[in-house]
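To start, the structure under review is shown below, and the notes come after it.
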Amino acid sequence: MTRQEIINRLNYLRSQELFAIQQYMNHFYRVKGTTFAEIQGMERSIALVEMRHAEMLAEKINMLGGDPISNPSQVEQMKSSRITEGKTPEEMISADLQLERGAIRDYTKAVIDIGDSDPGIRKMLEGILEQEEEHADIFGSYLSESQAYDIGELKGAA
Ligand SMILES: [Fe+2]
Ligand SMILES: [Fe+2]
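Have a look at this one:
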């Protein structure tokens with residue numbers, strides 16, 4: 003990949019992180035019911051990890067001489083995307099699990115596409131990918147899903 007292609011890809015990944023932060027914090031503030039404290043803790047702690055991911059991506063974009071986006075809609079694919087608010091805790095967590103599965107696909111694809119063109123960035127993305135897998139496991143466990151995510155599933159990845 004060229005430097006500009008890597009900048010664009012990192013900004014795309016950053017748009018996904020900023021979008022996830024918005025959705026998880028929305029759920030953090032809105033969740034009600036008997037399990038609200040548990041869900042609040044889960045949404046908040048994962049949102050904080052996504053903030054760290056967004057920051058790591060911005061630092062790399064800066065190092066490469068690019069401009070980190072500050073709003074997901076700055077990325078073409080995200081122009082008409084809206085967060086899923088969800089009416090029940092189950093709807094919220096299901097929507098969150100979908101975001102994590104999308105993140106796993108996107109980071110896996112990015113690691114493959116970057117290959118040996120920048121081993122430092124690839125290593126950073128691999129580290130983030132491991133954390134997205136943990137997030138999928140946390141949300142999946144809450145929903146009693148037997149499988150948090152599928153391996154080798156790149157359909158729909160950017
Ligand atoms: Fe993330
Ligand atoms: Fe995540």
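Quick note on numbering: my numbering labels position 17 of the sequence shown as 19, and the sequence is numbered without any gaps. Ideal Cβ positions, reconstructed from N, Cα and C, are used throughout, including at glycine.
- Across the structure, Gly88 and Asn28 are spaced so that their CA atoms are roughly 10 Å apart.
- Here the region 34-45 lies against the region 90-109, with 3 or more beta-carbon pairs under 8 Å apart.
- With respect to Val113, Arg103 sits apart: the two C-beta atoms are not nearer than 8 Å.
- Apart from the 5 residues on each side of it in sequence, Tyr144 sits with its Cβ closer than 6 Å to the Cβ of Ile95 in its chain, given in chain order.
- For Gly68, the secondary structure class from DSSP, reduced to helix, strand or coil, is coil.
- Apart from sequence neighbours up to five positions away, the residues of its chain that approach Ile71 with a beta-carbon distance below 8 Å are Asn13, Arg16, Ser17, Leu20, Val77, ordered along the chain.
- If you ignore the 5 residues before and after Ala150, its C-beta comes within less than 6 Å of the C-beta of Ala138, Asp139, Gly142, all in its own chain and listed in chain order.
- Taking C-beta separations shorter than 8 Å and ignoring five residues to either side along the sequence, the partners of Asp115 in its chain run Met3, Arg11, following chain order.
- At least one heavy atom of ligand 2 is found less than 7 Å from the C-beta of Gln133.
- In the three-state reduction of the DSSP assignment, Glu147 falls in the coil class, being assigned neither a helical nor a strand state.
- Around the beta carbon of Pro74, 16 or more other beta carbons lie within 10 angstroms, which makes this residue buried.
- Between Gln24 and Ile85, the C-beta gap is smaller than 8 Å, which places the two residues in contact.
- In the same chain as Phe30, and ignoring 5 residues on each side of it, the C-beta atoms closer than 6 Å to its own belong to Gln42, Glu45, Arg46, in chain order.
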